[in-house]
DNA sequence: ATGAATAGTTTGTCCTGGACATAGTTGTAG
DNA sequence: CTACAACTATGTCCAGGACAAACTATTCAT
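Residue numbers (our numbering), protein chains in the order written: chain U, 18 to 330; chain C, 18 to 330.
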């Protein structure tokens with residue numbers, strides 16, 4: 018404020034609240050890291066309040082991502098910038114066993130996002146969906162594309178707004194595809210949503226597409242439904258299954274407790290499916306809880322449910 | 018953890034974090050209210066941490082809504098439960114000058130949501146859209162329906178999950194409608210999004226529908242784009258206009274600063290449109306910022322832009 | 001009396017520094 | 001080599017003080 022020439026670069030204020038929103042790290046956490054590890058080390062304004070430089074925020078964002086992958090803050094704070102960058106890229110080439118026919122397509126689509134060419138992107142996605150059919154499209158292309166976008170974002174190759182753009186286009190496409198499928202009204206009836214603080218809906222849409230395609234009835238509540246309301250909705254809609262999705266970005270530590278809490282709320286005759294990239298690190302699942310780490314597992318789960326309920330009904 | 022049977026009632030542990038998420042009131046605010054006004058007055062667990070009873074959380078949610086409408090916390094904390102309920106209902110009949118032909122329709126739709134009858138709701142919405150055309154449907158039906166749902170929720174007639182269900186259906190419908198419109202590629206190019214912490218997207222979709230219908234090119238980034246990224250996206254996509262939407266639930270106090278901050282970030286040749294129910298209490302708008310308190314205003318703004326740019330180009 | 005300027009009050013957010021429960025890590029004994 | 005215990009790391013909570021920005025009431029001049 019007092020100095021006008023400090024940083025005319027795009028980020029004017031960067032108060033602790035702003036950083037909390039931008040990084041997902043709580044105010045308390047930010048302060049306690051500063052106290053314990055000496056990072057971040059914000060400047061202070063005339064009133065003694067923290068003012069975070071942009072590069073520290075950038076580093077915080079990186080660290081958050083790595084922490085969600087299992088690294089520990091103490092180590093990361095001690096690490097140098099190069100080490101951090103290395104860790105980020107390290108996670109990428111871990112799984113590319115199959116160069117696959119779609120690798121080229123993925124790269125091509127990524128290029129279109131980066132070029133901000135919306136019409137071409139939309140056209141390419143549509144074409145690919147038509148050619149492969151919805152099921153293959155979702156399982157092969159969309160799943161990998163999500164991965165690729167996530168990684169590009171982590172490596173700093175994608176800006177936030179480019180990821181937003183991609184997500185928005187994909188959401189529109191999947192919604193459109195789902196909307197044009199016939200509403201069978203068949204069993205099972207599946208209630209789809211995410212828990213509070215989980216705002217990623219793409220995984221849910223992908224699952225919905227596959228499940229509707231198989232003749233299940235899907236009722237989507239969108240994101241961030243309080244657990245209590247998930248319970249009420251499940252009962253009100255006579256759901257057979259409640260499916261919740263956790264993205265890779267969701268704090269792994271909270272997945273287990275939340276799933277258990279929800280499991281206890283639901284009537285025992287309603288199954289709970291926990292899916293998404295964040296479902297990896299879920300706990301020993303109590304009876305009536307099914308872990309679906311990937312999309313094929315969801316289809317297996319569906320046919321499994323059907324055989325079970327065809328015989329015993 | 019130590020005791021398994023502590024509370025089998027639906028809301029297991031209303032910690033201060035849970036309440037923050039559920040009500041949107043910050044931890045600091047909750048604590049300082051308790052200190053100053055004596056409300057809320059949570060119990061404490063064995064560790065001295067706050068445990069909020071469900072009815073206090075309910076009241077907090079109500080108060081938040083009223084505060085966002087301009088009431089002040091001091092008064093509300095002093096008020097009795099009946100007074101609060103009265104205030105909530107009071108806001109409702111303030112504006113119903115026109116019983117209109119769509120009043121019945123609205124009521125009918127609300128009933129369908131409450132009955133959890135998804136197929137019938139979808140059918141009724143579709144039918145209404147077909148009959149009225151997209152423009153009238155959005156301006157007359159959707160706008161009022163949103164209002165009605167918001168009020169029903171405020172009065173406790175709607176559960177959270179019912180509001181989610183409605184929102185999800187409406188989003189799907191509008192996306193579908195937008196997707197089926199021709200992509201003209203015409204001017205102006207409008208970038209649509211919301212700021213961080215504003216996750217309501219319906220208003221944006223309504224605007225997008227109307228604008229695309231008028232031949233504008235809309236690029237939607239979805240919700241919660243950091244201001245800095247809005248700027249980058251606007252430049253990358255060569256937008257003529259950036260449109261951001263604030264819902265009625267958005268803290269009125271922050272609208273002005275955010276709009277100004279964004280205005281400063283954007284190049285002067287890009288207009289900034291601030292719309293949505295929360296745009297009411299916006300500040301003296303600096304040059305290049307347009308306030309759009311309602312949907313017709315957006316259409317006016319569009320034709321206005323066109324006349325301006327038809328002559329001077 | 002009306003409108004503007006001033007003084008007072010309300011309210012949200014920040015700060016410091018202490019505490020503690022839980023999760024992860026290391027060490028030791030069977 | 002596994003299981004249990006001690007230890008460390010980490011996030012979140014708490015109290016109570018401070019302050020700036022927003023809102024309200026009062027005073028003064030036209």
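Every residue gets a Cβ at the ideal spot worked out from N, C-alpha and C, and that includes glycine. Keep in mind it's a predicted model, so treat the numbers as computed, not measured.
C-beta atoms of residue i and residue j nearer than 8 Å
{"i": "residue 216 (chain U)", "j": "residue 184 (chain U)", "result": "no"}
{"i": "residue 224 (chain C)", "j": "residue 264 (chain C)", "result": "no"}
{"i": "residue 63 (chain C)", "j": "residue 242 (chain U)", "result": "no"}
{"i": "residue 178 (chain C)", "j": "residue 169 (chain C)", "result": "no"}
{"i": "residue 233 (chain C)", "j": "residue 203 (chain C)", "result": "yes"}
{"i": "residue 310 (chain U)", "j": "residue 258 (chain U)", "result": "no"}
{"i": "residue 61 (chain C)", "j": "residue 32 (chain C)", "result": "no"}
{"i": "residue 88 (chain C)", "j": "residue 104 (chain C)", "result": "yes"}
{"i": "residue 305 (chain C)", "j": "residue 324 (chain C)", "result": "no"}
{"i": "residue 308 (chain C)", "j": "residue 291 (chain C)", "result": "yes"}
{"i": "residue 138 (chain C)", "j": "residue 193 (chain C)", "result": "no"}
{"i": "residue 278 (chain U)", "j": "residue 238 (chain U)", "result": "no"}
Cutoff 7 Å; reference residue i; Cβ partners in own chain excluding five residues on either side
{"i": "residue 162 (chain C)", "result": "123 and 126"}
{"i": "residue 295 (chain C)", "result": "263, 264, 265, 267, 269 and 272"}
{"i": "residue 314 (chain C)", "result": "none"}
{"i": "residue 69 (chain U)", "result": "31, 36, 57 and 59"}
{"i": "residue 65 (chain C)", "result": "none"}
{"i": "residue 92 (chain U)", "result": "none"}
{"i": "residue 81 (chain C)", "result": "40, 41 and 42"}
{"i": "residue 152 (chain U)", "result": "227 and 230"}
Residue(s) in a DSSP beta bridge with residue i
{"i": "residue 261 (chain C)", "result": "C:210 and C:291"}
{"i": "residue 68 (chain C)", "result": "C:60"}
{"i": "residue 306 (chain C)", "result": "C:289"}
{"i": "residue 236 (chain C)", "result": "C:208"}
Cβ-Cβ separation, residue j to residue i (assumed contact under 8 Å), whole Å
{"i": "residue 155 (chain C)", "j": "residue 227 (chain C)", "result": "6 Å"}
{"i": "residue 39 (chain U)", "j": "residue 74 (chain U)", "result": "6 Å"}
{"i": "residue 218 (chain C)", "j": "residue 195 (chain C)", "result": "Rounded, the Cβ-Cβ distance is 12 Å, inconsistent with contact."}
{"i": "residue 160 (chain U)", "j": "residue 312 (chain U)", "result": "6 Å"}
{"i": "residue 221 (chain U)", "j": "residue 209 (chain U)", "result": "5 Å"}
{"i": "residue 11 (chain C)", "j": "residue 260 (chain U)", "result": "What is shown of chain C runs 18 to 330, which leaves residue 11 (chain C) out entirely."}
{"i": "residue 282 (chain U)", "j": "residue 248 (chain U)", "result": "4 Å"}
{"i": "residue 236 (chain C)", "j": "residue 135 (chain U)", "result": "6 Å"}
Spatial neighbours of residue i in its chain, beta-carbon cut-off 8 Å, leaving aside the 5 residues before and after
{"i": "residue 321 (chain C)", "result": "none"}
{"i": "residue 149 (chain C)", "result": "157 and 158"}
{"i": "residue 119 (chain U)", "result": "157, 158 and 161"}
{"i": "residue 98 (chain U)", "result": "76"}
{"i": "residue 34 (chain U)", "result": "44"}
{"i": "residue 90 (chain U)", "result": "50, 54, 80 and 84"}
Cβ-based neighbour list, residue i, same chain, cut-off 6 Å, excluding 5 preceding and 5 following
{"i": "residue 326 (chain U)", "result": "none"}
{"i": "residue 101 (chain U)", "result": "79"}
{"i": "residue 190 (chain U)", "result": "142"}
{"i": "residue 171 (chain U)", "result": "82 and 105"}
{"i": "residue 198 (chain U)", "result": "229"}
**Q.** Continuous beta strand (DSSP E) assignments of at least 3 residues falling wholly in the region 147-224 of chain U
**A.** Qualifying beta strand (DSSP E) stretches, in chain order: 206-210.
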